[in-house]
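> Numbered according to our numbering, the sequence shown spans residues 1 to 174. Where is the CB? At the ideal position from N, CA and C, for every residue including glycine. Please read all numbers here as calculations on a predicted model, not as lab measurements. Would you mind keeping the following structure in view while I ask a few things?
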Amino acid sequence: MRKLDSQKFPGYLTYQVFMSDAFRDLKPAARDILTQLYFEVKMSSRKSRTKKYTPMVTNRHDIKLTYKEVKARLGYSEKTIWESFKQFFEHGFLKVIKHGGGSKGDVQVYGITEGWRCWEKGDVIRTIQKKGKIGRQQQTKISGTVGKPLRGTTGKPLTPNNTGGLPQGKAVTV
1 MRKLDSQKFP GYLTYQVFMS DAFRDLKPAA RDILTQLYFE VKMSSRKSRT
51 KKYTPMVTNR HDIKLTYKEV KARLGYSEKT IWESFKQFFE HGFLKVIKHG
101 GGSKGDVQVY GITEGWRCWE KGDVIRTIQK KGKIGRQQQT KISGTVGKPL
151 RGTTGKPLTP NNTGGLPQGK AVTV
């Protein structure tokens, strides 16, 4: 019986990946970052005496590559890295296994997928899931607007203190 972390298709860059429409549609920066991502793949070094050696990926769903590492290796900006990862999800190269948090040491974990094999131009295999905003959202009040009274006031609407630089009580003539 095969292990759950083994796979039918190898996760390293092959001729099929390079010649696929999904890989050719990637931007050059995304191609570089994908190559760095595939360097994080670990292959098994097991060889059977009777069977031909077929390498297996041991960390198929445990790929860790942070934006800082990519920035240090390749020198791309965070926006370029973000757009590249967005392309990886859309073209079917990656999926998110564990969402990373903002705390130190909590990184996002990716998994390699084979969705790029059935990708066609215009298709979106997967998108980045944006987490909802957590916590109380503060509303900013623009000075000079009149609206509902704030909590804790006597019920009177706010009157603007700022008149936009115009003098009080004088008419402006042109």
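Expressed to the nearest angstrom, what Euclidean distance is found between the alpha-carbon atoms of residue 58 and residue 112?
Looking at the two C-alpha atoms, the distance is approximately 11 Å.
> Check residue 125 in the structure and name its three-state DSSP category.
The answer is coil: DSSP assigns residue 125 none of H, G, I, E or B.
> Take the Cβ of residue 117 as the centre, count every other Cβ of all protein chains shown within 10 Å, and call the residue buried at 16 or more, exposed below.
Result: exposed.
> Quick check on the burial criterion: 16 or more other C-beta atoms within 10 angstroms. Buried or exposed for residue 110?
Its Cβ being crowded by 16 or more others within 10 Å, residue 110 is buried.
> Counting only the same chain and skipping the five closest in sequence on each side, list residues whose C-beta sits under 6 Å from that of residue 136.
Unreliable placement is indicated for residue 136, whose pLDDT of 38 sits below 50; the coordinate value is still reported in the next sentence. Counting only Cβ-Cβ distances below 6 Å, and skipping sequence neighbours, we find nothing.
> Ordered along the chain, which non-local residues of its own chain (more than five positions away) have a Cβ less than 7 Å from that of residue 37?
Closer than 7 Å at Cβ, skipping near neighbours: 63 and 65.
> Can you tell me the Cβ-Cβ gap for residue 128 and residue 92, rounded? I've got them flagged as a contact below 8 Å.
Between residue 92 and residue 128 the Cβ distance is about 13 Å, and since that is not below 8 Å, they are no contact.
> Below 8 Å between beta carbons: does that hold for residue 84 and residue 29?
In this structure, residue 29 lies closer than 8 Å to residue 84 by Cβ.
> Measuring CA to CA, which of 94, 13, 20 and 75 is closest to residue 43?
The shortest C-alpha separation from residue 43 is found at 13.
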